[in-house]
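Inspection log for the structure reproduced underneath, given as structure tokens.
There are 2 protein chains.
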Amino acid sequence: MTPPPTPEPRLSDAVAASEGPPPAEKAAPAKRGSAPSARLRVQRVRPAYRQVADELRSQIMRGALGPGERLPSEAELSRAFGVSRSTVREALRALTSQHLIETLRGVQGGSFVAAPDPTRVVEDVGSALGVLVATPYLQLEDLLEARLLLEPAAARLAAQRADAETVDAVRAAANAPRDPQDPSGFVPHLDFHTTVLMATGNLMFTMMGQPVSDVLRTQLDRDTVARREWDEVDECHRVIAEHIAAGEAEAAEDTMRSHLLDLRGLYERAASWRTARTEARVRARDGENGDRT
Amino acid sequence: MTPPPTPEPRLSDAVAASEGPPPAEKAAPAKRGSAPSARLRVQRVRPAYRQVADELRSQIMRGALGPGERLPSEAELSRAFGVSRSTVREALRALTSQHLIETLRGVQGGSFVAAPDPTRVVEDVGSALGVLVATPYLQLEDLLEARLLLEPAAARLAAQRADAETVDAVRAAANAPRDPQDPSGFVPHLDFHTTVLMATGNLMFTMMGQPVSDVLRTQLDRDTVARREWDEVDECHRVIAEHIAAGEAEAAEDTMRSHLLDLRGLYERAASWRTARTEARVRARDGENGDRT
DNA sequence: GGCACGCTAAACGTCTGACACTTGTCGAGC
DNA sequence: GCTCGACAAGTGTCAGACGTTTAGCGTGCC
């Protein structure tokens with residue numbers, strides 16, 4: 001830490017690209033390449049766009065550039081790193097897709113360090129989970145178990161901490177009409193479970209629980225579940241909401257737990273349908289051939 | 294659904310740029326453009342590289358291309374989308390940095406759909422948390438609370454489920470010498486807490502708990518904590534490990550919980566030091582000026 | 001016959017330079 | 001004083017060229 005005895009040879013050194021003896025690709029402070037010579041399949045040289053991206057990322061993460069601050073223009077970066085603008089742009093694209101920077105056009109445009117945004121994190125994690133689920137790594141069962149840990153605890157905390165406004169939000173979410181068709185049910189209805197997670201006042205609960213719920217939701221076809229079952233679910237939500245409103249932590253937790261256990265059945269039923277269908281599809285696809293040329 | 298009376302001029306319209314009729318480029322099933330005219334501050338046209346990236350991402354996520362499968366070459370993609378190769382490359386860079394594809398050089402090179410990799414997810418989440426912590430959104434306290442929920446539960450599950458091999462790993466991690474200087478303490482020592490999380494057999498615990506631990510670790514300067522305190526920590530780990538080995542779920546959970554409560558003190562002490570230092574640094578920086586030209 | 005060497009080709013990696021598009025700013029004109 | 005248009009700074013996109021990496025194959029020597 002603290003060490004910047006290094007003057008500030010930040011930008012230019014790592015890249016040097018075209019000329020001279022490539023600077024040996026700086027030691028790369030471990031973290032990934034731990035095994036000394038284990039891997040045969042080393043990557044010879046990191047492409048320039050990767051080096052540029054890594055350098056910029058590290059500057060941002062290190063706090064050398066604060067949120068909202070503007071990076072040098074692409075032209076300037078390209079000069080500073082000694083690479084072409086295309087290369088710089090590829091690096092910037094990488095940072096953009098990690099939500100580290102945002103880019104605006106026009107005069108006063110440029111790339112700006114993005115403000116940290118929990119929503120994006122939740123989305124990203126959700127999408128990552130979506131990919132992971134249905135691999136042997138991650139089973140539906142694992143998600144259900146995680147949820148069974150998180151949400152009852154969240155309900156308890158919500159009951160202990162929620163202020164009047166938050167309680168209103170929870171109530172509203174519990175009583176939101178389960179609109180038969182409306183796709184954009186508007187914010188207040190942003191799902192009962194999400195609202196409870198947020199009512200803990202601890203963002204970690206939202207960030208851990210929300211992606212799980214999101215993935216589980218995609219596993220549930222609307223039509224796998226009968227209308228009567230939805231009604232039972234809604235009733236459960238209302239009971240939990242009232243426990244939270246009344247500050248009955250224990251009851252809120254217990255009710256949430258049993259609610260989740262009820263839901264588990266639905267998910268497992270849906271899952272078995274799903275795998276059956278998937279297998280059918282795989283068989284079908286094996287029949288034809290590589291489509292994408 | 295079906296709000297888009299807009300035909301489907303997604304890719305081609307904004308892109309068409311120079312020449313004639315690009316191949317209309319497959320319908321691309323909506324998914325993003327929802328709000329009809331609600332938002333005033335709409336973004337006029339998404340850049341082509343974003344559209345290409347989104348389309349490819351959606352194809353991958355939808356499963357149209359399976360892990361390991363090869364995407365068309367950049368030249369082919371550029372023809373298919375009716376954009377230049379640079380544009381395609383910017384799109385690919387975005388996907389790469391989301392770990393959705395990997396790119397190889399040489400004959401037989403190309404972009405391949407990446408296999409889902411939990412390790413990457415953990416790293417990404419960790420880095421996202423690192424950015425978020427120290428914002429008003431996320432407090433150290435929140436991380437500690439989350440950990441206090443996750444890890445005792447993990448210890449319990451580990452005690453209930455761990456097989457002989459896993460128990461060995463946990464024991465090894467607990468007894469790994471706390472190397473005074475060695476930075477790469479090698480894998481078995483990959484941290485006791487991580488090992489316990491993995492011993493649950495539920496990847497979700499690792500994916501939720503590991504990033505939290507990682508971030509917390511970075512908050513702890515080695516020298517904030519006295520040697521004697523580390524010894525106590527190690528002793529605690531050994532006790533927990535033995536509980537897990539013995540299958541004593543309840544004891545494992547309780548011991549882990551009290552261990553974490555002990556640690557909390559350390560973290561809070563470190564945090565207060567840290568903020569003091571940070572404030573000093575900020576004052577210092579306000580003194581100087583913008584460095585990057 | 002077998003092995004080493006070098007050539008070839010397919011893809012990615014990078015560069016150059018140009019032009020189009022966006023958008024805030026500022027000045028001219030009413 | 002206000003409106004409108006030109007300007008400028010920056011990003012977005014394109015086209016084409018050349019370098020680099022690497023698997024595969026053919027040739028020639030031993």
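Taken in sequence, the protein lines are chains A and B.
Taking my numbering, the leading residue of the first sequence gets 1, the next gets one more, and so forth.
Taking my numbering, the leading residue of the second sequence gets 294, the next gets one more, and so forth.
Every residue gets a Cβ at the ideal spot worked out from N, C-alpha and C, and that includes glycine.
query: Which residue's Cα is closest to the Cα of Arg50 of chain A: A:Glu74, A:Gly265, A:Arg93, A:Glu69?
result: Residue 50 of chain A sits at position 50 when you count from the first residue of the first sequence. For Arg50 of chain A, the nearest C-alpha among the options comes from A:Arg93.
field: Beta-carbon gap between Ala545 of chain B and Ala451 of chain B smaller than 8 Å
entry: The sequence position of residue 545 of chain B within the second sequence is 252, counting from 1. The sequence position of residue 451 of chain B within the second sequence is 158, counting from 1. Yes, the Cβ-Cβ distance between Ala545 of chain B and Ala451 of chain B is below 8 Å.
field: At least 3 beta-carbon pairs within less than 8 Å: the stretch 188-205 of chain A vs the stretch 127-139 of chain A
entry: no
- prompt: With a CB to CB cut of under 8 Å and the five nearest residues on each side skipped, what residues in its chain are close to Ala114 of chain A?
  reply: By one-based count along the first sequence, residue 114 of chain A stands at place 114. Excluding sequence neighbours, Ala114 of chain A sits near Pro67, His99, Leu100, Ile101, Glu102.
message: Does Ser78 of chain A come out as helix, strand or coil in the three-state DSSP assignment?
response: Numbered from its first residue, the first sequence carries residue 78 of chain A at position 78. Helix.
query: Secondary structure at Arg46 of chain A, three-state DSSP: helix, strand or coil?
result: As a first step, residue 46 of chain A is located in the first sequence; it is residue number 46 there, counting from the start. Correct three-state label for Arg46 of chain A: coil.
- request: Count the other CB atoms, across all protein chains shown, that sit within 10 Å of the CB of Thr493 of chain B; report buried if there are 16 or more and exposed otherwise.
  value: Translated into positions along the second sequence, residue 493 of chain B becomes position 200. Per the 10 Å Cβ criterion, buried.
query: Are the beta-carbon atoms belonging to Met549 of chain B and Glu444 of chain B less than 8 Å from one another?
result: Against the second sequence, residue 549 of chain B aligns to sequence position 256. Against the second sequence, residue 444 of chain B aligns to sequence position 151. In contact: Met549 of chain B and Glu444 of chain B (Cβ atoms closer than 8 Å).
- prompt: When you compare each of A:Ala162, A:Thr195, A:Gln210, A:Val215 to Ala249 of chain A by their alpha carbons, which one comes out closest?
  reply: In the first sequence, counting from the first residue as 1, residue 249 of chain A sits at position 249. Ranking the options by Cα distance to Ala249 of chain A, first place goes to A:Ala162.
- request: Please classify Asp507 of chain B: is it buried, with 16 or more other beta-carbons within 10 angstroms of its beta-carbon, or exposed?
  value: Working through the second sequence from its first residue, we reach residue 507 of chain B at position 214. Its Cβ being crowded by 16 or more others within 10 Å, Asp507 of chain B is buried.
message: Any beta carbon from chain A within less than 8 Å of Thr389 of chain B's own beta carbon?
response: Counting from one through the second sequence, the residue named residue 389 of chain B turns up at place 96. Closer than 8 Å: yes.
- request: Go through its chain and collect everything with a Cβ distance to Ser371 of chain B's Cβ below 8 Å, but skip five positions before and after it.
  value: Here the question's residue 371 of chain B lines up with position 78 in the second sequence. Same-chain partners within the cutoff: Ser377, Arg378, Thr380, Val381.
message: Taking 8 Å as the limit between beta carbons, can you name the residues of its chain near Arg120 of chain A, skipping five residues before and five after?
response: In the first sequence, the residue the question calls residue 120 of chain A occupies position 120. Excluding residues within five positions, the ones whose Cβ falls inside 8 Å are His99.
query: In terms of residue numbering, what span does the beta strand (DSSP E) encompassing Thr119 of chain A cover?
result: Along the first sequence, one-based indexing puts residue 119 of chain A at 119. Unbroken run through Thr119 of chain A is the alpha helix (DSSP H), 118-132; no beta strand (DSSP E).
query: Do Ile244 of chain A and Val122 of chain A have their C-beta atoms closer together than 8 Å?
result: By one-based count along the first sequence, residue 244 of chain A stands at place 244. By one-based count along the first sequence, residue 122 of chain A stands at place 122. No, they are not a contact pair.
task: Compare the beta carbon distance of Leu260 of chain A and Arg105 of chain A with 8 Å and say whether it is the shorter of the two.
output: In the first sequence, the residue the question calls residue 260 of chain A occupies position 260. In the first sequence, the residue the question calls residue 105 of chain A occupies position 105. Not in contact: Leu260 of chain A and Arg105 of chain A (Cβ atoms no closer than 8 Å).
task: Following the continuous beta strand (DSSP E) through Gly351 of chain A, name the residue where it begins and the one where it ends.
output: No answer is possible for residue 351 of chain A: the residues shown for chain A start at 1 and end at 293.
task: Determine the closest residue to Ser73 of chain A out of A:Gly109, A:Trp230, A:Leu266, A:Cys236, with distance taken between C-alpha atoms.
output: Sequence index remark: in the first sequence, residue 73 of chain A carries index 73 (1-based). Ranking A:Gly109, A:Trp230, A:Leu266, A:Cys236 by Cα distance to Ser73 of chain A puts A:Gly109 first.
query: List, in order along the chain, the chain A residues whose C-beta lies closer than 8 Å to that of Ala439 of chain B?
result: Within the second sequence, numbered from 1, the residue matching residue 439 of chain B stands at position 146. The answer, in chain order, is Asn202, Met204, Phe205, Met208.
- request: Please report how far the alpha carbon of Phe192 of chain A lies from the alpha carbon of Glu522 of chain B, in whole angstroms.
  value: Within the first sequence, numbered from 1, the residue matching residue 192 of chain A stands at position 192. Within the second sequence, numbered from 1, the residue matching residue 522 of chain B stands at position 229. Cα to Cα, the separation comes out at about 43 Å.
task: Can you tell me which of the three DSSP states Ser111 of chain A falls into?
output: Taking the first sequence and counting its residues from 1, the one referred to as residue 111 of chain A is at position 111. Residue state, collapsed to three classes: strand.
message: What does the Cβ neighbour count give for Thr218 of chain A, buried or exposed, with the cut at 16 atoms within 10 Å?
response: As a position in the first sequence, residue 218 of chain A is number 218, starting the count at 1. Thr218 of chain A should be labelled exposed.
message: Using C-beta distances below 6 Å, list every residue in its chain close to Ala280 of chain A, excluding the 5 sequence neighbours before and after it, in chain order.
response: In the first sequence, counting from the first residue as 1, residue 280 of chain A sits at position 280. Closer than 6 Å at Cβ, skipping near neighbours: no residue.
query: Under 8 Å between C-beta atoms, does Asp254 of chain A make it to chain B?
result: The count along the first sequence starts at 1 and reaches residue 254 of chain A at position 254. Not an interface residue.
message: By alpha-carbon positions, which one of B:Glu535, B:Pro470, B:Glu383 ends up nearest to Gln453 of chain B?
response: The residue given as residue 453 of chain B occupies position 160 in the second sequence. Selected option, being the one with the closest Cα: B:Glu535.
field: is_contact[Lys324 of chain B, chain A] using C-beta, thresh 8 Å
entry: Stepping through the second sequence from its first residue, residue 324 of chain B is reached at position 31. Confidence at Lys324 of chain B is low in this model, with a pLDDT of 30, below 50, so the placement of that residue is unreliable and no value is reported for it.
- prompt: What's the C-alpha gap between Ser551 of chain B and Gln352 of chain B?
  reply: Taking the first residue of the second sequence as 1, we reach residue 551 of chain B at position 258. Taking the first residue of the second sequence as 1, we reach residue 352 of chain B at position 59. Approximately 48 Å between the Cα atoms of the pair.
message: According to DSSP, simplified to helix, strand and coil, what is Arg70 of chain A?
response: Here residue 70 of chain A refers to the residue found at position 70 when the first sequence is read from its first residue. Arg70 of chain A: strand per DSSP, three-state reduction.
- prompt: Which residues, in chain order, does the stretch 435-463 of chain B contribute to contact with chain A at a C-beta distance below 7 Å?
  reply: Asp435, Leu436, Glu438, Ala439, Leu442, Ala446
Supposed contact pair Ser390 of chain B and Ser97 of chain A - C-beta distance, whole angstroms, cut 8 Å: By one-based count along the first sequence, residue 97 of chain A stands at place 97. By one-based count along the second sequence, residue 390 of chain B stands at place 97. Confirmed, Cβ separation roughly 5 Å.
query: Between which two residues does the alpha helix (DSSP H) containing Glu235 of chain A stretch?
result: The sequence position of residue 235 of chain A within the first sequence is 235, counting from 1. Note, Glu235 of chain A: alpha helix (DSSP H), 227-246.
message: Can you tell me whether Glu145 of chain A is buried or exposed? The criterion is at least 16 other CB atoms within 10 Å of its CB, across all chains shown.
response: In the first sequence, the residue the question calls residue 145 of chain A occupies position 145. Buried, since its Cβ has 16 or more Cβ neighbours within 10 Å.
message: If we define contact as Cβ-Cβ less than 8 Å, is Glu90 of chain A a contact residue for chain B?
response: Locating residue 90 of chain A in the first sequence gives position 90, counting from the first residue. So, interface residue.
field: Where Leu370 of chain B meets chain A, residues with beta-carbon distance less than 9 Å
entry: To locate residue 370 of chain B, count along the second sequence from 1; it is residue 77. Within chain A, no residue comes near Leu370 of chain B; the closest Cβ sits about 11 Å away, beyond 9 Å.
query: When the cut-off is 8 Å and only beta carbons count, does Ala321 of chain B lie next to chain A?
result: Within the second sequence, numbered from 1, the residue matching residue 321 of chain B stands at position 28. Annotation note: pLDDT 30 at Ala321 of chain B (below 50); position unreliable, no value reported.
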